[in-house]
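Line by line, the protein sequences are chains G and V.
So the mapping is simple: my numbering equals the position in the first sequence, first residue as 1, plus 31.
So the mapping is simple: my numbering equals the position in the second sequence, first residue as 1, plus 31.
For reference, the structure is listed below as structure tokens.
There are 2 protein chains.
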Amino acid sequence: MTHRKNLTIGLFGFGTVGRALFDLIATTKPSGVEIKTICVRSNSKERGVTANFTTNPDDIFNDPDINLIVELIDDAEASLFIIRRALQKGLTAVSGNKKMLAAHLPELIELQTKHNGTLLYDASACGSIPVIRNLEEYYDNDLLISVKGILNGSSNYILTKIFKEGISYDEALRQAQEAGFAESDPSLDVDGWDALSKLVIITVHAFGTYVEPSRIFTFGISNLSNADITFANEKNRRIKLVGHVEKLADGRICMCVVPQLLSQDKYIYGVDDEFNGVVIKGLCYDKQFMFGRGAGGFPTGSAILSDITASQYDYRYEYKKRNSHAGNLPEFTEDVHFRIYYRYVRPQDLNLLEFDSISEKYTSEAYNYVVGITSLRALQAAAPELRKRNVFLAAYPRD
Amino acid sequence: MTHRKNLTIGLFGFGTVGRALFDLIATTKPSGVEIKTICVRSNSKERGVTANFTTNPDDIFNDPDINLIVELIDDAEASLFIIRRALQKGLTAVSGNKKMLAAHLPELIELQTKHNGTLLYDASACGSIPVIRNLEEYYDNDLLISVKGILNGSSNYILTKIFKEGISYDEALRQAQEAGFAESDPSLDVDGWDALSKLVIITVHAFGTYVEPSRIFTFGISNLSNADITFANEKNRRIKLVGHVEKLADGRICMCVVPQLLSQDKYIYGVDDEFNGVVIKGLCYDKQFMFGRGAGGFPTGSAILSDITASQYDYRYEYKKRNSHAGNLPEFTEDVHFRIYYRYVRPQDLNLLEFDSISEKYTSEAYNYVVGITSLRALQAAAPELRKRNVFLAAYPRD
């Protein structure tokens, strides 16, 4: 049986998650795990901990003792630079930077193969929920139908406030910012970009296929108005921001990040506050649901620590689905049609989006809406315009 | 990167799960997986499938082509015999027999080490929910506080009927039997023995410690009366049968299988029908919840198939917690005190069980109950008598 390898860590970044990881290791003292050097952007801050800080990455990369790179910085470009350098040296690296990963996974997978390095990033999708490792290890491609989930804690916190406390979007956003669940520039969270990065990563491990983020229709909740909230309440539904990948009958996959009008019988209807929840649907096991804290220093720090202890046992993603179906991976498609709710103010904004059919139409002085069938292709074509206008839309599945 | 190994399977057993696995492989055609020979107790039945049946285990064990043993028979003794023989030959074996596993895990772990065989059994605990592999791979001992869950689908189906449809225990049991969710002798399910086996297996992978099933207090729902149902409804709670292992502040672990009066804010309160749900609690990630189908041919068959495809990549349990904490494993303790509801009919049956204190007492002509603090030690001491009498008890945690 294998034994734990000793790990000497070079840590990049000492923000919320970096600090939480540091405290976690100090408190739980996992055997054979030590942070030797911490590389930060500026060494002038008073950090209140005793550790070996540096601003020079070489102090980590040229230290022969250091055998694990943990990268917890915000800047996606700098993050890519660090991870590339680690993998080129054949080191093991742990990263939580979903934006960087979503943009560069194919290159990073190749680098691992070429230099025999290892990259782990379970913390990047849904914080403490072990989604990636479960998809990698457990759910076989052949049986997997879809993965669907609430992948962003901040936007979910806001939507929960709106639908449980009956407050407006602006008020809910303000409360989320006060509670530390939304950034001062919340666009990454509320416009769906963070969920999109996670969906791209999840899809690689669920179906093997990598799809560039820019190809995937993504629409957030920042235009959510009281009219939309009223519509949802009248239909006895709640709006959640959902990332979704599904294998169609023809073997192709569709993906999107879009608000959904969910009825009460859906598992993710009850995923509240800053929590994340993922539903994995398969041919035989029906639906599985995983639920946990998706954001915050300690939940994310503990997911990073799980990656660290996994690497003590030389764990690595095998990219099974990507490798075993190479050359025959599911293709990405936008040819999928479904029902949406589309709310607009200026009458001409109805023409932004091509509908196959419209089944309901409401007009008033203040705003208008339609319910109708459209496609991912039409949505993606209209996306740049939709994001500029005062319109809101949500998938509106039939019960 | 590793490649899929070809597997030629010798299958023991062709009951509900064996048949589901056969159909699953025929339908999904996983690459490199073939069932060569099926060993059954009697070859006289008409099975309606084209396959190579035998009644002689040697036809499997002496076949040099067969490199994977899948054992899906009910009889725990015969199951042990097959798994021992497979492991002694250094083969890989997949088993779903929780009773056998719970009784013999230490021996089977040793056999794996000694002969370099591999035993996988994710299907044995909670069917399609990947609990064992997640505990093994993801949740580090040092951070793990407790695992608690609804581990038996049949008893949960009965309890759901009772609390959602307001029917009696006997009527709910009858409906469960009709729906195929309970055996004609339901004792294994409703008296908690099935959940107990799963709890023992889960604990080995959660904390490394093996505890003999007979040492663990186990009490089921077969004595549940209308009085108990009324009590639960009045307190706005539902009764669920819960398996529970928890690490105490002193590092020891306590375990039990016992009905619980759950308030609505508990994750497992909403796990209904034949579903299973497991809550994993950790120091930093708070609580994680996994939910899925725990019983039935196809969900279990797909869990078996997941073990099979995992073994294509030479996956094996590392028994990390057991090995890395060897000699220093958490000890099992009964020194844990908690509040219970205890209902009895004959006044002298109150004396069966030692209470630290009693906070409520109700007496009537028809029945009596108390609410009070007792210990696992007192419960386990009284268990043989409690099971014989018309009494019911449930953990009654404070809100």
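Ideal Cβ placement from N, Cα and C applies to all residues, glycine included.
Check: Quick one, which of V:LYS195, V:ASN187, V:ILE198 and V:THR234 has its alpha-carbon nearest ASP222 (chain V)'s?
Finding: V:ASN187
Check: Counting pairs of beta carbons, one from the region 313-323 of chain V and one from the region 272-292 of chain V, are three or more of them closer than 8 angstroms?
Finding: no
Should SER395 (chain G) go down as buried or exposed, given a rule of 16 or more other Cβ atoms within 10 Å for buried?
exposed
The region 301-326 of chain G: positions lying closer than 8 angstroms to chain V by Cβ: GLY301, GLY313, LEU314, CYS315, TYR316, ASP317, LYS318, GLN319, PHE320, MET321, PHE322, GLY323 and ARG324
Quick one, which of G:ASP54, G:ARG418 and G:PHE53 has its alpha-carbon nearest GLY251 (chain G)'s?
-> G:ARG418
If you draw a straight line from the alpha carbon of VAL71 (chain V) to that of GLU77 (chain V), how long is it in whole angstroms? 12 angstroms
>> Going by the DSSP bridge assignment, what does HIS368 (chain G) pair with across the sheet?
In response: G:SER406
- Query: Given a limit of 8 angstroms on CB to CB distance, which residues of the region 329-351 of chain G reach chain V?
  - Reply: PHE329, PRO330, GLY332, SER333, ALA334, LEU336, SER337, THR340, ALA341, TYR344, TYR346, GLU349, TYR350 and LYS351
Q: Name, please, each residue of chain G whose Cβ falls closer than 9 angstroms to the Cβ of PRO361 (chain V).
A: Near PRO361 (chain V) there are no residues of chain G at all, since even the closest Cβ is about 15 angstroms away, more than 9 angstroms.
- Using the beta-carbon of each residue, which ones in chain V are nearer than 7 angstroms to ARG35 (chain G)? SER355
- Query: Based on the DSSP output, what are the partners of THR39 (chain G) in its beta bridges?
  - Reply: G:GLU65
> In chain V, which residues lie with their C-beta within 7 angstroms of the C-beta of SER159 (chain G)?
Replying inline: TYR316 and GLN319
#### Entry: Range covered by the alpha helix (DSSP H) that runs through HIS275 (chain G)
Where HIS275 (chain G) is concerned, there is no enclosing alpha helix (DSSP H), although the beta strand (DSSP E) it sits in stretches over 269-278.
Within the continuous alpha helix (DSSP H) that includes GLN143 (chain V), where are the two ends? 129-146
Item checked: Entirely enclosed alpha helix (DSSP H) segments - the region 157-207 of chain V, minimum 4 residues -> 162-168 and 184-196
Is PHE423 (chain G) helix, strand or coil when you go by DSSP?
strand
Margin query: Here's the rule I'm using: 16 or more other beta-carbon atoms within 10 Å means buried, otherwise exposed. How should LYS179 (chain G) be labelled?
Written below: buried
ask   = Going along chain G, which residues have a C-beta under 7 angstroms from LEU55 (chain V)?
value = CYS315
Original post:
What number of angstroms, rounded off, separates the C-alpha of HIS146 (chain G) from the C-alpha of PHE369 (chain G)?
Top reply: 44 angstroms
Can you list, in chain order, the residues of its chain whose CB lies under 6 angstroms from that of ASP304 (chain V), leaving out five sequence neighbours each side?
TYR188 and THR191
**Prompt:** Leaving out five residues before and five after PRO137 (chain G) in sequence, what residues of the same chain have Cβ atoms less than 7 angstroms from its Cβ?
**Reply:** TYR241
Would DSSP call LYS229 (chain V) helix, strand or coil? helix
Bounding residues of the beta strand (DSSP E) (the contiguous stretch that carries THR81 (chain V)):
Looking at the DSSP string, THR81 (chain V) is not in any beta strand (DSSP E), and its letter there is neither H nor E.
* Just the Cα atoms here: how many angstroms apart are LEU255 (chain G) and PHE423 (chain G)? -> 6 angstroms
Original post:
How many angstroms separate the CA atom of LEU410 (chain V) from the CA atom of GLU385 (chain V)?
Top reply: 8 angstroms
query: From which residue to which residue does the alpha helix (DSSP H) around ARG50 (chain G) run?
result: 47-59
Margin query: For THR39 (chain V), tell me which candidate among V:VAL125, V:LEU111 and V:SER73 has the shortest Cα-Cα distance.
Written below: V:VAL125
Exercise. Less than 8 angstroms between the CB atoms is what I'm expecting for GLY79 (chain G) and ARG35 (chain G), so what's the real figure, rounded?
Key: The pair is not a contact, with the Cβ atoms about 30 angstroms apart (cut-off 8 angstroms).
Closest by CA to SER337 (chain G), which one among V:LEU166, V:THR123 and V:LEU122?
V:LEU166
| task | With DSSP collapsed to three states, give me the class of ALA213 (chain G). | result | coil
Among residues of its own chain, excluding the 5 on either side of MET32 (chain V), which ones have a beta-carbon nearer than 7 angstroms to its beta-carbon? Residue confidence for MET32 (chain V) is low, a pLDDT of 40 falling below 50, so the modelled location carries little weight; the figure read from the coordinates is stated next. Excluding residues within five positions, none has a Cβ falling inside 7 angstroms.
Task: Beta-carbon proximity list for MET131 (chain V), same chain, < 6 angstroms, skipping 5 on both sides - done: ALA107, SER110 and LEU111
TODO: Would you give the residue range spanned by the alpha helix (DSSP H) that ARG353 (chain V) belongs to?
DONE: 351-355
message: Going by DSSP, what residue range makes up the alpha helix (DSSP H) through PRO330 (chain V)?
response: 328-343
Exercise. Starting from ALA258 (chain V), follow its DSSP beta bridges and name the residues at the other end.
Key: Answer is none; ALA258 (chain V) lacks a bridge partner.
By DSSP's criteria, ALA124 (chain G) is part of a beta bridge. Which residues make up the other side?
G:ILE100 and G:LEU150
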